Amino acid sequence: MAVADQFRVKSDFVLKETDANRKVLGAAVTAQPDAKSIDKLQTFNLAEKIADLQNVFVASKAPKLLIILQGMDTSGKDGTVKGVFGQINPLGARTVAFKAPSQAEKDHDYLWRIHQEVPSKGEIVIFNRSHYEDVLISKVHDWIDDAECVRRYAHIRDFERMLAETGTIILKFFLHISKAEQKRRLEERLADPDKHWKFDMQDLAERKYWDAYQRAYEAAISATDSETAPWYVIPSDSKTQRNLAIASIVLEKLESMKLKFPPANPDYAKIKVE
1 MAVADQFRVK SDFVLKETDA NRKVLGAAVT AQPDAKSIDK LQTFNLAEKI
51 ADLQNVFVAS KAPKLLIILQ GMDTSGKDGT VKGVFGQINP LGARTVAFKA
101 PSQAEKDHDY LWRIHQEVPS KGEIVIFNRS HYEDVLISKV HDWIDDAECV
151 RRYAHIRDFE RMLAETGTII LKFFLHISKA EQKRRLEERL ADPDKHWKFD
201 MQDLAERKYW DAYQRAYEAA ISATDSETAP WYVIPSDSKT QRNLAIASIV
251 LEKLESMKLK FPPANPDYAK IKVE
């Protein structure tokens, strides 16, 4: 079974706290001695292969790859970017972190700022949060009603289908952590002065809506999963398992594309460099 199939969202998808700590891949599954180090090395090797294939991806100038990372605060979106994509060439890749919209962005439709950041030919773009915030935080805080939320699901499906039909490969990852693990990570940031820069009081405010966010994610993921824009639910209580899973899925996708460098230019054989 392909790694991607093990994490692809199911039709009866329900978020469970216990699933956030599942061990699915690598040495951790069989509890080998030093499993964490073994799995970290495997992830590093996968990341190197992703970087190698990115060279062909950029040179081919044909495909476009959009990777979407969503998850609760502290779920590891930044850590995923560093651990899985830290070795790729920044000349052919971008990470876009979507924050609260500016006034200019608010004056347009909610997908306007998103569309400007999608990948061009030969480019890999990673969204750290995305257009899904507009059916998550907006719904949890009742900034939109149920009818508007359903309309936005339809907008998103159409938007992603349009991207796919015009050559964009889309992979969507939900980083699933438990409430207990989020508590531990927030406390760790508070306890270490060198991590205070990571702490945001808003994280505590949003934590009060934990259950509502879980239901909002279930609804949004179920409504927008498709063959051309699939959702993968990644157990993320373990940072090592999280990175190993995502690296495996991305590499599988790149390898399945059978990427090739462009044909050699025969005229170059006649050129002499003096």
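Reading the sequence shown from the start, the letters are residues 1 to 274 in the UniProt record's numbering.
Ideal placement from N, C-alpha and C gives every residue a C-beta, glycine not left out.
Quick caveat, the model's predicted, so the values are computed rather than measured.
From what residue to what residue does the beta strand (DSSP E) around residue i run?
i	result
LEU171	168-176
VAL233	231-235
ILE124	124-128
With DSSP as the reference, label residue i as helix, strand or coil.
i	result
ARG22	coil
ALA264	coil
PHE98	coil
VAL250	helix
PRO119	coil
LYS272	coil
SER256	helix
TYR110	coil
GLU133	helix
THR240	helix
In whole angstroms, give me the CA-to-CA distance for residue i and residue j.
i	j	result
PHE98	GLN42	30 Å
ALA205	LYS258	46 Å
GLU48	TYR213	35 Å
VAL263	VAL56	Here residue 263 turns out to be Pro, not Val, going by the sequence shown. Taking the straight line from one Cα to the other gives about 12 Å.
ARG185	VAL140	23 Å
GLU17	ARG8	17 Å
VAL29	GLY79	22 Å
Just to confirm the assignment, what range does the alpha helix (DSSP H) spanning residue i have?
i	result
GLN6	3-7
residue 285	The displayed coordinates of the chain run from 1 to 274. Any statement about residue 285 would go beyond what the structure contains.
ALA198	Rather than Ala, the amino acid found at residue 198 in this sequence is Lys. Run containing LYS198: none; DSSP gives neither H nor E here.
GLU105	103-106
GLU183	According to the sequence provided, residue 183 is Lys. The question's Glu does not apply to it. Element bounds for LYS183: 179-191.
GLU218	210-224
Decide yes or no for the touch test of the segment 105-114 against the segment 45-59: beta carbon pairs closer than 8 Å, at least 3 of them.
The segment 105-114 and the segment 45-59 do not touch, with fewer than 3 CB-CB distances between them shorter than 8 Å.
Which runs of the beta strand (DSSP E) fall wholly inside the segment 135-166 and span at least 3 residues, in chain order?
Runs of the beta strand (DSSP E) inside the segment 135-166: none found.
Can you list the alpha helix (DSSP H) stretches of 4 or more residues lying completely in the segment 9-96, in chain order?
Taking 4 residues as the minimum length, the alpha helix (DSSP H) runs contained wholly in the segment 9-96 are 35-60, 77-85, in order along the chain.
Segment contact, 8 Å Cβ cut-off, at least three pairs: the segment 161-169 with the segment 235-252:
The segment 161-169 makes no contact with the segment 235-252; the number of CB pairs closer than 8 Å stays below 3.
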